[in-house]
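So the first sequence is residues 216 to 586, counted in the working numbering. Quick reminder that beta carbons are idealized off the backbone N, C-alpha and C, glycines included. Data block below; observations after.
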Amino acid sequence: MLKVEWQIFGLFMMLKKKITAALMEWHNTQNNREMPWKGEKDPYKIWLSEVILQQTRVEQGRTYYENFTHKYPTIQHLAADKDENVFKLWEGLGYYNRCKNLLFTARFVTNELKGRFPDTYADIVALKGVGPYTAAAIASFAYNEPYAVVDGNVFRVLSRVFNIDTPTDSTEGKQLFTDLANEVLDKKQPGAFNQAIMDFGATICKPMAPACAVCPLQKLCEARQHGRVSMLPVKNKVLQKKTRWLTWFKLQAEGKTLVHKRSSRDIWENLHEFYLVEATEKTTWTRDLVTQWCWNQLDVKKAEVISISGVLSQQLTHQTIKAQFIEVQLPHIPPSLTEYDWLSTKEIDQLAFPRLINLWLDPKKRDSLLF
DNA sequence: AACGCGGGGCG
DNA sequence: CGCCCAGCGTT
């Protein structure tokens, strides 16, 4: 290797050491972020908190963590409950596949591993719903294994401090930042370091309006020196948004309501809904059209249209939902719909529904979503 | 390698 | 309105 390359290499090694030290110093003297799972040593609770926090803000996840740990103090409690109850507790948190995998893993650990949570990174990352981030978090927090977490905070902090514009959502970027994070990791106290860099990213090196003026890494930060802080990190994905037109028919007969559990590979998997009709564009529902639709689609001659809502709008990350709700009273449960569940209001209260449906069900909140 | 998956908060 | 959040599983 050329002499000049050795010099650059040496400078890089020095920079890394300084950054590790500066982050730990900040953590030990100024980090006052408090969270219910901080300092937790029970791998079950660490795992639970990390799954809840995947792609989810700490403030949004906090109450869910408290509700779950209160209702399920151990992984055995969680494994033993009915699916519907667990989904009800997860209701509103989003990314419902997490809940499905949470239950699967709880039962796997309870039944196949005799209740012993795995205690090495390799075994932890093999669990369903646990990827590289979550495994590193559990391994470092619970067992002090030297694995660096790489989450949105870490991508941001490292891309700025080292002024790296490799896209964080590329395969190359993930590998590069993972390697870098493991080099910066304080091997003697991996758990504390991982906590430090994430808290630092969340409170100082924030996505918008980072607190560079009071940042203890200010002089070390390459992006700061080059005036590129606001340009980092770089992502190259442009997500396509599509609009969907959904009409839910709340069909009532014999004191019960038709309920359907969503199961296809689509949003709100495993949550419940009413009878859904999806169209490629806005449908102008009139009482006559609804009556005619009941006749044609449900083979129901006498249908009483109770109400037709306005168009409610909900913005998801990747979809815009335009929804209408139509309440229909039928004289009896039609033979064409006996395959569906017909439930009482009390039974429906036990089930998890998408946010949008719950908001419509609450008359006080309906108007806030009117398009 | 690319895509799909919720809901909320912020500028 | 667009961006981001203690990411992961599927194809």
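Got a sec, what are the start and stop residues for the alpha helix (DSSP H) residue 358 sits in?
347-358
Pairs of beta-carbons, one from the segment 553-566 and one from the segment 529-536, closer than 8 Å: are there three or more?
no
Residue 249 versus residue 336: straight-line alpha-carbon distance, rounded
Taking the straight line joining both Cα atoms gives about 26 Å.
Could you say which of 238, 308 and 245 lies nearest to residue 264 if we only look at CA atoms?
308
Taking a contact to mean a Cβ-Cβ separation below 8 Å, would you say residue 411 touches residue 241 in this structure?
Yes, the pair counts as a contact, with Cβ atoms nearer than the cut-off.
According to the Cβ coordinates, are residue 415 and residue 372 closer than 8 Å?
yes
Taking 8 Å as the cut-off, does the segment 504-521 touch the segment 426-444 (at least 3 CB pairs, one atom from each stretch)?
no
The alpha helix (DSSP H) spanning residue 299 covers which residue range?
298-305
If you run the structure through DSSP and keep just helix, strand and coil, what is residue 474?
DSSP places residue 474 within a strand segment (E or B) once states are collapsed to three.
Please look up how many angstroms separate the CB atoms of residue 234 and residue 376, rounded, as I've assumed it's under 8 Å.
6 Å
What first and last residue would you give for the alpha helix (DSSP H) that runs through residue 321?
Residue range 312-322 is occupied by the alpha helix (DSSP H) that includes residue 321.
How close, in whole Å, do the beta carbons of residue 379 and residue 262 come, if the pair is a contact with beta carbons under 8 Å?
Actually they are not in contact, since the Cβ atoms of residue 379 and residue 262 sit about 31 Å apart, beyond 8 Å.
In three-state DSSP terms, what is residue 384?
coil
For the beta strand (DSSP E) containing residue 521, list its first residue and its last residue.
Residue 521: member of the beta strand (DSSP E) spanning 519-523, first to last residue.
Starting from residue 466, trace the beta strand (DSSP E) both ways and give me its first and last residue.
Unbroken beta strand (DSSP E) run through residue 466: 457-468.
Measure from the alpha carbon of residue 319 to the alpha carbon of each residue in 228, 345 and 443, then state which is nearest.
345
Sub-8 Å separation of residue 305 and residue 567 beta-carbons:
yes
What are the residues that DSSP puts in a beta bridge with residue 528?
537
Hey, quick one: how far does the alpha helix (DSSP H) through residue 341 stretch, first residue to last?
It is not in any alpha helix (DSSP H) - residue 341 carries neither H nor E in the DSSP assignment.
Pick from 456, 381, 269 and 518: whose alpha carbon is nearest that of residue 449?
381
By the three-class DSSP mapping on this structure, what secondary structure does residue 556 have?
In this structure, DSSP gives residue 556 an extended state, which the three-state scheme calls strand.
In this structure, what does DSSP give as the bridge partners for residue 544?
467 and 519
Residue 373: first and last residue of the uninterrupted alpha helix (DSSP H) it sits in
367-376
Can you give the Cα-Cα distance for residue 295 and residue 322, rounded to whole angstroms?
Taking the straight line from one Cα to the other gives about 8 Å.
I'd like the list of long-range same chain contacts for residue 580, defined as Cβ closer than 6 Å, with 5 residues on each side in sequence excluded.
574
Counting C-beta neighbours from all protein chains within 10 Å, is the total for residue 587 16 or more, i.e. buried, or is it exposed?
Look at the range of the chain in this structure, 216 to 586, and you will see that residue 587 is not part of it.
In angstroms, rounded to a whole number, what distance separates the CA positions of residue 436 and residue 420?
So the alpha carbons of these two residues sit roughly 11 Å apart.
Helix, strand or coil for residue 426 per DSSP?
coil
Tell me residue 491's beta-bridge partners as DSSP assigns them.
463
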